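Count the sequence shown with my numbering and you get residues 56 to 171, in order.
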Amino acid sequence: METVIQDLLAGEYRKPIRVVAFNTAECWSQGVSEDIAREIQRRCNLHLSDVPSYLQELVDRYYHKTCSNSACASCSVGLPAKKAGSARRQGTLPASSSRPWQPRSTACPPANAHSV
């Protein structure tokens with residue numbers, strides 16, 4: 056997922072709608088849009104920069120709708136996330152976690168789970 060995050064931030068993909076992770080070896084697929092949006096916002100906060108405009112909709116859709124941080128300027132007052140950059144530069148937003156992104160694990164269902 057690190058490569059996807061780096062590619063998104065580098066502008067390899069424009070205006071993504073959703074991000075889905077697939078692991079055929081371990082038999083799972085999972086929507087990871089919220090995790091990706093959270094990590095993009097975290098990295099932008101860390102670098103005191105605004106979310107790139109081509110990623111703004113993804114972050115607004117998946118991060119800001121679930122953000123429970125009452126000190127988050129863009130969530131608590133409903134401002135677009137790009138306005139939060141000013142708040143970050145003024146030091147009004149809390150520091151982000153430095154914990155790296157980790158995918159949520161899901162196990163494959165047993166082979167006999169869906170009997171016909």
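By construction, the Cβ of each residue, glycine as well, lies at the ideal position given by its N, Cα and C atoms. Just so we're clear, the structure is a prediction, and the values are computed from it rather than from any experiment.
- Beta-ladder partner(s) of Ala76, from DSSP: Beta-bridge pairing links Ala76 to Gln85.
- Is it right to say Val114 is buried, meaning 16 or more other beta carbons lie within 10 angstroms of its own, or is it exposed? If you draw a 10 Å sphere on the C-beta of Val114, you find 16 or more other C-beta atoms in it, and that means buried.
- Message: Using a 10 Å radius around the Cβ and a threshold of 16 neighbouring Cβ atoms, would you call Cys82 buried or exposed?
- Response: Per the 10 Å Cβ criterion, exposed.
- Message: Quick check: the Cα distance between Ala80 and Gln111, rounded to an integer number of angstroms?
- Response: Ala80 and Gln111: Cα-Cα distance of roughly 33 angstroms.
- Proximity below 8 angstroms, CB of Val185 to CB of Val59: Outside the shown range of the chain (56 to 171) lies residue 185, about which nothing can therefore be said.
- According to the Cβ coordinates, are Tyr118 and Gln96 closer than 8 angstroms? Between Tyr118 and Gln96, the gap from beta carbon to beta carbon is short of 8 angstroms.
- Asp177, enclosing alpha helix (DSSP H) - first and last residue: Shown here, the chain extends from 56 to 171; a query on residue 177 therefore has no answer.
- Reduced DSSP secondary structure (H/G/I, E/B, other) of Leu103: Looking at Leu103 - three-state DSSP - the assignment turns out to be coil, as it is neither helix nor strand.
- Alpha carbon of Val87 to alpha carbon of Leu63, nearest angstrom: The straight-line gap from Cα to Cα measures roughly 14 angstroms.
- Task: Excluding the 5 residues preceding and the 5 following Cys99 in the sequence, name in chain order all residues of the same chain whose CB lies nearer than 7 angstroms to its CB.
- Result: Result list for Cys99: Asp105 and Val106, in chain order.
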